[in-house]
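Visitor: Handing you this structure, nothing more for now.
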Amino acid sequence: MELVKKGFKNVISDLVLIGIIVVSIFPFIYMFLMSFKSTINAYDFDFSLEKLSLGQYEKIFQMENFERYIFNSVFVAVMGVILTVAVCSLAGYAFAKMNFKGNDKIFLFLVMTMVVPSEVIVIPLFLITKELGWLNSYRALILPLPTAFGVFIMRQAILDVPKDLMDAARIDGCGNLKIFFKVVLPLVKSSILALSIFTFVGAWNNFLWPLVACTKAEMKTLPLALSMMKTQFNTDVGLTMACAVINFLPPFIFYVFMQSRFKEGMTLSGVKG
Amino acid sequence: MKRKFLSALLMAAMAVSLITGCGNNGEEKKEGSDSGSGSGEKTLEVWVPPLDDDTVNNWGGLMTDWEEENGCKVNITVVPWDKYEETYTTALNSGEGPDVGYMYNEMFPTYIDAGVVADMSEYITDEDKSEYKYLENGFMMDGQYGWPLVTGVPFVLYYNEKILEDLDEKAPETWEDFERICKAATKDTDGDGETDQFGYACGMSTSDVGAMQILNAYYYSALWQNGGQIYADDLKSAAFADEAGTEAMTWIQNMKEYMNPDFMSMSWSDAFANVFGAGKAAFGVYRSSQTDETVFAETYPDVKWDFVTSLKNKDFGTFGATDCLTLMSAAEDKELAMNFIKHVTGAEFMEKYHAKCPGAALTNSEPYVGDAKMEKIYTDDLGKWHGLQVGPCGVDILTQLSADFQGIMTGELTVEEGLKEAEDYANNLLKEYWAEKE
Amino acid sequence: MENKKGGAGKLAPYCYIAPITLILVTFVIGSVAVSVALGFTKYNIMTEPVFRGIDNYSKLMSDSKFVKALKNTLELMLLIVPLQTVLSIILSVFLVANRKRFLGKLANSMIFIPVICSPAVVGVVWRELLNGKFPVIEKFFGLFGIEPSMLLGDAKTALITVGMVAVWKWMGYYVVIYSSGLLGISNTYYEAAKVDGADRIRCFFSVTLPLLKPTIILGVFLSVTNSLQCFDLIFNLTGGGPNNASTTLVVYSYSKCFSAGAAGYAMAISNILFVVILAVAMLQRNMMRREASEI
């Protein structure tokens, strides 16, 4: 009897889980399927094999300088990740494990910068970048990427690192920086991975900022380049969807790659109850 | 091992931030060598939106002769339609703007006022006047600020021949015809109790297509056909809420019952494709192209269609956009830039380009190469469509009007309320604008 | 804490936080400062700004579109935040309970996929889905008596639909946050509750929720800021329409800035938005403080 009950419960939760999966990915399946359609205008939902074509993708891959755009996007996103992880974990370490004047206040001040919407500060950001003389450079694209959220995550994670471990290392003669590298970082790996994913995705999906910050063709990122294919009265759903797929794949691959390093799904160590 | 990897990453990061922070990386040098490579040779920066899906090659590929002739390199940058104005305003701010730009009608006032686009009047010869057909469409706010490049593709009214035949109707000419046919066409054809055929296929969502589009497609034609206009002649007040304007708006609103019920969710082009294109409506509005006969045969093989350029109530009228090349004030060699503008809009160049990507002829010497069915737009019906009256605060006023138009169509506002709101908004802006000019 | 080595040691923490502080102060705080300054000017981006005092702000007072946008912004927040919080907590509890099973692991990964996708693409895809007459979708919504293609076009439902898509898109993000919180709750609490004879529902309300409180505070804070910043999604779903029914302050400020050439006015709008967000954040401040001291 117990067994039957348990089996029944499992079936129910399996159904719910399948429901969650379907709802989460259905729009992407639709996007993927539609991208193989080359019908201009009319929607038609005939997905039999002969009606599908790779035409849209061929068009995209034939784009001149395609590799350059991919490189720019990947370079900016990866550098953004490295920079963010570096500066955020350093700051998180300081905020979590060091006593200094204004610790709490500075931290709160930084966290407050999270509330500023990026779209409305594009013009001020542009003016600042112009004054710094950084327009049309990778600096302009990479340096504004780290956010206070990163600091927050890293601080929370590092707070959890047991003091004993650090003390032991200190007795062994390790300095702050060495403790940071040898003891702290390995223990907060899951948060670093999660932060990397967040940052990569954010950097990749940036559209407005790279557009405004870089006018030179050789600095364009992939989303920008894809939008250059869209004519004003474009009604080709297939092409729109193919561009969306191409745009979506790299962060997706990055996510899958990173995700495979989590043992039990992505978590932020330390965001505890 | 992993720890080493992580610390290596961190070190690399710091190195990068140091390098970038100290302000001298490879990029700068490259930029320098870029401009240096063409020493002695002039370059002309040209910005255009995606004119087709491979603009740089299709358009730019035809430049070689001209480049050699003038000892000049043409640098074409494609500016995506998404965030188009964002790119221009910021680039003009930082002095990174082009020598020759591309703008649509509504964009101009802001740029003219800012003094960043130049008046081309002095460069126009009598020859040009007789050769270039649409030059006057680029004349706005007392100057030749635009040189028409893409025009001749007005929004026209397509009709489904089969539906009209079944109703024993001919192509509509007047508002009465149109209304009568719409009414008769809106019905349940398969007897399941749900209306599945509509009079007028409409789409009034403004999502990513922009607020102006619903005015382009549905509003201006009604307004102009009823003898109304957006601005008063002196551009000092709004005229769209006068008697003619109110009547026109009321008329469109009355058409609502013959429209596909989800008209407010779709964009105008989606509505044409999904409702008219699926044979489910008697009428649809679309931006015409001279290759429609060929293209539609492929995309809507089951729809038997024809079109009227414009209905007539008090007058004819429908919107045909004029997108122009502009001479930017920042251009160093204006003669050269003008030479370029005239070249690319000229017959020789355009014939070659239109062979690859069809479009309407801009000059008298370029022959008509489109489908026979569409030719009347450029002959008999040439007077039935025109561009927009360009006036100050254009985008602002029209955006508000477009929102109120939506409000009227959803029934949230009455015609009078909606027009009043838009008129007040427009007049306030205009009052302020002219007060500052004086 | 143990840094008593003198001057160098005291300075060390500041060196650690210097890079990020520098970045945030330059780009974010700097931008806000520029925005505040430009809020007092008439500025079209291309030519020099002209000082106008509080002109922009007094105009705002009588701008009906601004009032509507402010109202929509707050409505959207009130719609997204509770729904997002409740749903993601429930989902997290469920997913954590099933985390050892194959489907559970799969669901845990899949739910994050919408987060990866750019909001602009999410907007386009959902618009196409809702309007595209896709049979499966039509049937699904038909179950609830909803015609999907009417959702974005009706002034009454447009904002709600935008809110729903936003909740859907960010669900994975909050599930990660709440799951982390849940996993941090030690099992001993549950065992103790079980000994006291509490059933699962009781357990949830008397053990899980109280212990999850700091995480919830964080989640709500993030949800509030995210909902107020929602832009690309709205832009691609409705463009702010119909009749500005889904225009929020960010959307309004943005369109004023770029299409209407009134950047000064746009900055004034965003400055008001900053004040709104700050006010909301301040409401949470005490709780944030307490959370900080709890750890």
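Protein chains in written order, with the numbering used here: chain A, 1 to 273; chain B, 1001 to 1438; chain C, 2001 to 2295. We treat Cβ as the ideally placed atom computed from N, Cα and C, and that holds for glycine. In this text, all values refer to a predicted model and were calculated from it rather than measured experimentally.
1. Suppose the cutoff is 6 Å on Cβ atoms and the five residues either side in sequence are ignored; what does the same chain contact list for alanine 157 of chain A look like?
2. Straight-line CA distance for methionine 2110 of chain C to isoleucine 25 of chain A?
3. Taking the Cβ atom as the reference point for each residue, do valine 81 of chain A and threonine 199 of chain A lie within a distance shorter than 9 Å?
4. Spell out whether any CB of chain B is found under 9 Å from the CB atom of leucine 15 of chain A.
5. Does cysteine 2015 of chain C come out as helix, strand or coil in the three-state DSSP assignment?
6. Is the stretch 1401-1413 of chain B touching the stretch 49-63 of chain A, taking contact as three or more C-beta pairs under 8 Å?
7. Three or more beta-carbon pairs under 8 Å between the stretch 1137-1154 of chain B and the stretch 1169-1179 of chain B, yes or no?
8. Taking Cβ positions, are leucine 1327 of chain B and tyrosine 1159 of chain B nearer each other than 9 Å?
9. Any contact of the stretch 1090-1103 of chain B with the stretch 1043-1050 of chain B, i.e. 3+ C-beta pairs under 8 Å?
10. Taking the C-alpha atoms as reference points, what is the distance between valine 16 of chain A and valine 22 of chain A?
11. Using the beta-carbon of each residue, which ones in chain A are nearer than 7 Å to lysine 1083 of chain B?
12. So, is threonine 2188 of chain C buried or exposed, given that buried needs 16 or more other C-beta atoms within 10 angstroms?
13. Could you list which residues in chain C have their beta carbon closer than 7 Å to that of methionine 1264 of chain B, in chain order?
14. Who does glutamate 1257 of chain B pair with in a DSSP beta bridge?
15. Got a sec? Which residues, its chain only, sit under 8 Å from threonine 2085 of chain C by beta carbon, not counting five neighbours each side?
16. Taking the alpha-carbon positions, what's the leucine 52 of chain A to methionine 241 of chain A distance?
17. Which residue comes first and which comes last in the beta strand (DSSP E) that contains tryptophan 134 of chain A?
18. Within its chain, find whatever has a CB closer than 6 Å to the CB of valine 2162 of chain C; leave out the 5 residues flanking it on each side and keep chain order.
19. Identify every run of the beta strand (DSSP E) within the stretch 1102-1170 of chain B, keeping only runs that are complete inside it and at least 3 residues long; order them along the chain.
20. With distances taken between CB atoms, is the gap from valine 115 of chain A to phenylalanine 2274 of chain C smaller than 9 Å?
21. Residues of chain B with CB closer than 9 Å to the CB of glutamate 64 of chain A, please, in chain order.
22. Considering only residues of the same chain and omitting the five flanking positions on each side of glycine 1026 of chain B, which have a CB-CB separation below 6 Å?
23. Given a cut-off of 9 Å, decide if aspartate 1270 of chain B and glycine 1199 of chain B are closer than it, judged by their beta-carbon atoms.
24. For threonine 147 of chain A, which three-state DSSP category applies?
25. Drop a sphere of 10 angstroms on the beta-carbon of cysteine 277 of chain A, count the other beta-carbons inside from all chains shown, and report buried for 16 or more, exposed for fewer.
26. For the 8 Å Cβ check, are there 3 or more pairs between the stretch 2174-2186 of chain C and the stretch 103-119 of chain A?
27. Taking only beta-carbon atoms, is glutamine 1253 of chain B less than 9 Å away from chain C?
28. Closer than 7 Å by beta-carbon distance: list the chain A residues that pair up with threonine 1090 of chain B, in chain order.
29. Hey, is the stretch 2061-2081 of chain C in contact with the stretch 2157-2171 of chain C, meaning 3+ C-beta pairs nearer than 8 Å?
30. What separation, rounded to the nearest whole angstrom, lies between the Cα atoms of aspartate 14 of chain A and lysine 263 of chain A?
31. Can you determine whether any heavy atom of the ligand FMN sits closer than 8 Å to the C-beta of glutamate 1165 of chain B, and answer yes or no?
32. Taking only the alpha-carbon atoms, compute the straight-line gap between phenylalanine 252 of chain A and cysteine 2230 of chain C and give it to the nearest angstrom.
33. Apart from the five residues on each side of it in sequence, which residues of its chain come closer than 7 Å, Cβ to Cβ, to arginine 1287 of chain B?
34. Consider the Cβ of asparagine 1274 of chain B: report whether some Cβ of chain C lies at a distance smaller than 9 Å.
35. Quick check on the burial criterion: 16 or more other C-beta atoms within 10 angstroms. Buried or exposed for phenylalanine 71 of chain A?
36. For proline 1261 of chain B, would you say it is in contact with chain A, using Cβ-to-Cβ distances shorter than 9 Å as the test?
Guide: In terms of the structure at hand:
1. Your numbering for residue 157 of chain A matches position 157 in the first sequence. Within the same chain, Val188, Ser191, Ser269, Gly270 come within 6 Å of alanine 157 of chain A by CB-CB distance, once the 5 residues on both sides are set aside.
2. Taking the third sequence and counting its residues from 1, the one referred to as residue 2110 of chain C is at position 110. Taking the first sequence and counting its residues from 1, the one referred to as residue 25 of chain A is at position 25. Cα-Cα distance, rounded: 7 Å.
3. Stepping through the first sequence from its first residue, residue 81 of chain A is reached at position 81. Stepping through the first sequence from its first residue, residue 199 of chain A is reached at position 199. With contacts defined by Cβ atoms closer than 9 Å, valine 81 of chain A and threonine 199 of chain A form a contacting pair.
4. Locating residue 15 of chain A in the first sequence gives position 15, counting from the first residue. Judged by the 9 Å Cβ criterion, leucine 15 of chain A is not in contact with chain B.
5. Position 15 of the third sequence, counting from 1, holds the residue named residue 2015 of chain C. Of the three classes helix, strand and coil, the one that applies to cysteine 2015 of chain C here is helix, per DSSP.
6. Remark: fewer than three beta-carbon pairs, one from each stretch, lie closer than 8 Å, so the stretch 1401-1413 of chain B and the stretch 49-63 of chain A are not flagged as touching.
7. The stretch 1137-1154 of chain B is not in contact with the stretch 1169-1179 of chain B.
8. The residue you call residue 1327 of chain B lines up with position 327 of the second sequence. The residue you call residue 1159 of chain B lines up with position 159 of the second sequence. Between leucine 1327 of chain B and tyrosine 1159 of chain B, the CB-CB gap reaches or exceeds 9 Å.
9. Touching, yes, given that three or more Cβ pairs across the two stretches are closer than 8 Å.
10. Translated into the one-based positions of the first sequence, residue 16 of chain A becomes position 16. Translated into the one-based positions of the first sequence, residue 22 of chain A becomes position 22. Using only the alpha carbons, I get a separation of about 10 Å.
11. What you label residue 1083 of chain B is simply residue 83 of the second sequence in a count that begins at 1. In chain order: Leu208, Leu211.
12. Counted from its first residue, the third sequence places residue 2188 of chain C at position 188. It is exposed - the Cβ of threonine 2188 of chain C has fewer than 16 other Cβ atoms within 10 Å.
13. Taking the second sequence and counting its residues from 1, one reaches residue 1264 of chain B at position 264. Taking a Cβ-Cβ threshold of 7 Å, the residues of chain C close to methionine 1264 of chain B are Gly2153, Asp2154, Pro2242, in chain order.
14. By one-based count along the second sequence, residue 1257 of chain B stands at place 257. DSSP, once it has assigned bridges, lists no residue as partnering glutamate 1257 of chain B.
15. Counting from 1 along the third sequence, the entry for residue 2085 of chain C is found at position 85. Cβ-Cβ distances below 8 Å link threonine 2085 of chain C to Tyr2174, Ile2216, Gly2219, Val2220, Ser2223 in the same chain, with the five nearest sequence neighbours on each side left out; the list follows chain order.
16. The residue given as residue 52 of chain A occupies position 52 in the first sequence. The residue given as residue 241 of chain A occupies position 241 in the first sequence. For leucine 52 of chain A and methionine 241 of chain A, the distance between alpha carbons rounds to 13 Å.
17. For this step, residue 134 of chain A is matched to residue 134 along the first sequence. Neither: tryptophan 134 of chain A is in no beta strand (DSSP E) and is coded neither H nor E.
18. Within the third sequence, the letter at position 162 stands for residue 2162 of chain C. These residues qualify, in order along the chain: Ile2234, Leu2237, Ser2246.
19. Within the stretch 1102-1170 of chain B, the complete beta strand (DSSP E) runs of at least 3 residues fall at 1147-1150, 1155-1160.
20. Taking the first residue of the first sequence as position 1, residue 115 of chain A is located at position 115. Taking the first residue of the third sequence as position 1, residue 2274 of chain C is located at position 274. In this structure, phenylalanine 2274 of chain C lies closer than 9 Å to valine 115 of chain A by Cβ.
21. Within the first sequence, the letter at position 64 stands for residue 64 of chain A. For a Cβ distance threshold of 9 Å, residue set Asp1054, Val1056, Asn1057 of chain B lies close to glutamate 64 of chain A, ordered along the chain.
22. In the second sequence, the residue the question calls residue 1026 of chain B occupies position 26. In this prediction, glycine 1026 of chain B has a pLDDT of 37, which is less than 50 and means its spatial position is unreliable; nothing more can be read from the coordinates.
23. Within the second sequence, numbered from 1, the residue matching residue 1199 of chain B stands at position 199. Within the second sequence, numbered from 1, the residue matching residue 1270 of chain B stands at position 270. No, the pair does not count as a contact, with Cβ atoms beyond the cut-off.
24. Indexing the first sequence from 1 puts residue 147 of chain A at position 147. If DSSP states are grouped into helix, strand and coil, threonine 147 of chain A belongs with coil.
25. Summary: the structure shown does not reach residue 277 of chain A, with chain A confined to residues 1 through 273, and so no result is reported for it.
26. Result no; under three Cβ-Cβ pairs closer than 8 Å.
27. Here residue 1253 of chain B refers to the residue found at position 253 when the second sequence is read from its first residue. The beta carbon of glutamine 1253 of chain B sits no closer than 9 Å to any beta carbon of chain C.
28. Along the second sequence, read from residue 1 onward, the residue named residue 1090 of chain B stands at position 90. For threonine 1090 of chain B, the C-beta contacts it makes with chain A under 7 Å involve Phe126, Val212, in order along the chain.
29. Segment contact: the stretch 2061-2081 of chain C against the stretch 2157-2171 of chain C, three or more CB-CB distances shorter than 8 Å; contact assigned.
30. For the purposes of this step, residue 14 of chain A is taken as the residue at position 14 of the first sequence. For the purposes of this step, residue 263 of chain A is taken as the residue at position 263 of the first sequence. Aspartate 14 of chain A and lysine 263 of chain A have their alpha carbons spaced roughly 21 Å apart.
31. Ligands in the displayed structure: none, and consequently the ligand FMN is not present.
32. On the first sequence, position 252 is the one that residue 252 of chain A refers to. On the third sequence, position 230 is the one that residue 2230 of chain C refers to. Taking the straight line joining both Cα atoms gives about 22 Å.
33. For this step, residue 1287 of chain B is matched to residue 287 along the second sequence. If we look at arginine 1287 of chain B and ignore the five residues flanking it on each side, its Cβ neighbours are Val1153, Phe1155.
34. Taking the second sequence and counting its residues from 1, the one referred to as residue 1274 of chain B is at position 274. With 9 Å as the cut-off, asparagine 1274 of chain B counts as an interface residue toward chain C.
35. The residue labelled residue 71 of chain A in the question sits at position 71 within the first sequence. The residue in question, phenylalanine 71 of chain A, is exposed, as its Cβ has fewer than 16 Cβ neighbours within 10 Å.
36. Taking the second sequence and counting its residues from 1, one reaches residue 1261 of chain B at position 261. By this cut-off, proline 1261 of chain B is not an interface position.
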